[in-house]
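For the sequence shown, counting from 1, position 296 maps to 323 in the working numbering; every step adds exactly one.
The C-beta atom is built at its ideal place from N, Cα and C for all residues, glycine as well.
What you are looking at is a predicted structure, and each value in this text was computed from that prediction instead of being measured.
Heads up: the structure comes next, in structure tokens.
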Amino acid sequence: MAEIPTLEDLEQQLGDLSGKRILVRTDFNVPLDEPEDGGPATIVDDFRIKAALPTIEWLTGRGANVVTASHLGRPKGEPDPRYSMDPVRSRLGELAPGVELLENLRFDPGETGNSPEFVATLVDGIDGYVNDAFGASHRAHASIVGPPQHVPSAMGRLLEKEVEVLLGLRNKPKRPFVAVLGGAKVSDKLGVIEALLDVVDEIVIGGAMCFTFFLAQGKPVGASLSEPDQVEVCSALLAKAAEMGKTIHLPDDITGTDAQGNFAQFGSRLGEGAIGYDIGPGSAAAFTDVIMDARMVFWNGPMGMFEDERFASGTKTVAQAMADTKAFTVVGGGDSAAALAQFKLDDEVSHVSTGGGASLELLENGDLPGLKALRND
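Structure below.
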């Protein structure tokens, strides 16, 4: 596999960067608080803006004129004031004065459609391109895969770090290597579970996705969220893990509500009308033991509906274990990163990825469309 060009490679190709106009694809898809009175939205967490600063400052320090570009939210291919980049532009102006920020890329349908015409507008007047948007690099969108076809291109510092860490997990694991997976839908993670079975020693599964595995074991799940159409696939994964001598840990107890909607705790068999919203305390303790015994841990997806404090305990316990273990710990963005921040443990793990879906896809496939584009594959 060809090497991915770095910022130093870009400088070598372009020569003196002073006065050069460099387009930096960033991931400024930050959470916003939108007031009910219709006032201007405010940024809840500027982590993603700050994460791009090492690349931006490296370029501006060499005299480059930096133009940043990002998506924000899910506009439908047309301008939508709810997703204006104005709040981000204001914060970026405080952190990196003089750096330009284009309007939301997804206001144009050519972004998600990877339109050659839209790519042409992005690279017009641009001398070089830097991809520093790891969280969007699993999308074959115009701003991700288009510019490297037209101008000298490289990966930024953030993208470089993400690739180094995540491919390190995949290619040079320290053992025991444990993957902790949660979230709502098992269908979103079947590919990565299968791929991880070839790499990890143990997989811990929580969140609502555990209920489809319960069905595969013949256990009732009450009215809990599950995907009956994925039961056969889960059965096959459990069988494959057993054949390989790998362990898939599932919860032994569940916290949720009974048929009357009252807070309740169950074993791993839920009666009619019962809904599971979190792993139980026994499972949280067992999962902690697995994490503490590991030398490397990857976590993606909460153990339950942690936004509700009644059902936050499982996720908080796992997050605390990630902070306490001496293992090399990586948290794969998304809700897991949000949970870490909520529990004020985000500085206690080895690496917090800026991309949930991108981190899963890189672990699963060993490559991303954005990386292929930079290598000109």
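Between the CA atoms of residue j and residue i - distance to the nearest angstrom
i	j	result
residue 310	residue 116	44 Å
residue 160	residue 276	33 Å
residue 338	residue 305	5 Å
residue 227	residue 382	20 Å
residue 156	residue 257	42 Å
residue 397	residue 182	9 Å
residue 33	residue 287	58 Å
residue 91	residue 50	10 Å
residue 39	residue 89	12 Å
residue 353	residue 203	12 Å
residue 268	residue 185	34 Å
residue 238	residue 30	42 Å
residue 100	residue 58	9 Å
residue 197	residue 332	29 Å
residue 66	residue 390	41 Å
residue 360	residue 292	29 Å
residue 299	residue 307	18 Å
residue 78	residue 245	45 Å
residue 86	residue 37	10 Å
residue 214	residue 274	20 Å
residue 55	residue 130	11 Å
residue 260	residue 295	20 Å
residue 126	residue 93	6 Å
residue 319	residue 42	49 Å
residue 154	residue 74	28 Å
Cβ shell of residue i (< 6 Å), same chain only, five flanking positions each side left out
i	result
residue 150	174, 177 and 178
residue 207	231 and 326
residue 385	161, 162, 164 and 165
residue 139	168
residue 61	68
Close beta carbons around residue i, own chain, < 7 Å, minus the five adjacent residues each side
i	result
residue 302	249, 250, 251, 283 and 284
residue 297	247, 248, 249, 251, 281 and 303
residue 346	366, 367, 370 and 372
residue 80	122 and 123
residue 317	205, 229, 231 and 276
residue 128	95, 112, 115, 116 and 119
residue 211	234, 235, 236 and 252
residue 137	144, 145 and 169
residue 201	322, 323 and 355
residue 405	What the structure shows of the chain is the stretch from 28 to 404, and residue 405 is not part of that stretch, so it cannot be assessed.
Exposed unless 16 or more other CB atoms sit within 10 angstroms - verdict on residue i
i	result
residue 45	exposed
residue 71	exposed
residue 243	buried
residue 278	buried
residue 343	buried
residue 108	exposed
residue 236	buried
residue 392	exposed
residue 407	There is simply no residue 407 to check, as the chain begins at 28 and stops at 404 in what is shown.
residue 12	The structure shown does not extend to residue 12, since the chain is modelled only from 28 to 404, so the question has no answer here.
residue 216	buried
residue 330	buried
residue 328	buried
residue 362	buried
residue 69	exposed
residue 272	exposed
residue 143	exposed
residue 209	buried
residue 102	buried
residue 148	exposed
residue 321	buried
residue 104	exposed
Whole-Å CB distance - residue i paired with residue j, under 8 Å assumed
i	j	result
residue 76	residue 48	Going by Cβ atoms, the distance from residue 76 to residue 48 rounds to 21 Å, so no, they are not a contact pair.
residue 192	residue 324	Residue 192 to residue 324, Cβ: 13 Å. No contact.
residue 106	residue 134	5 Å
residue 375	residue 350	3 Å
residue 132	residue 170	5 Å
residue 265	residue 241	About 11 Å separates the two Cβ atoms, so there is no contact after all.
residue 172	residue 400	4 Å
residue 387	residue 219	5 Å
Strand pairing of residue i, partner residues [DSSP]
i	result
residue 253	Residue 253 pairs with nothing; no bridge assigned.
residue 155	49
residue 357	325 and 378
residue 161	Answer by DSSP bridge pairing: none, since residue 161 is not bridged.
residue 281	293 and 306
residue 276	231
residue 92	48
residue 204	323
residue 180	156
residue 215	BP columns for residue 215 are empty, so no partner.
residue 248	297
residue 82	Per DSSP, none; premise fails for residue 82.
residue 128	95
Contact set for residue i: own chain, Cβ-Cβ below 8 Å, skip 5 residues either direction
i	result
residue 312	344
residue 141	167, 168, 169, 172 and 173
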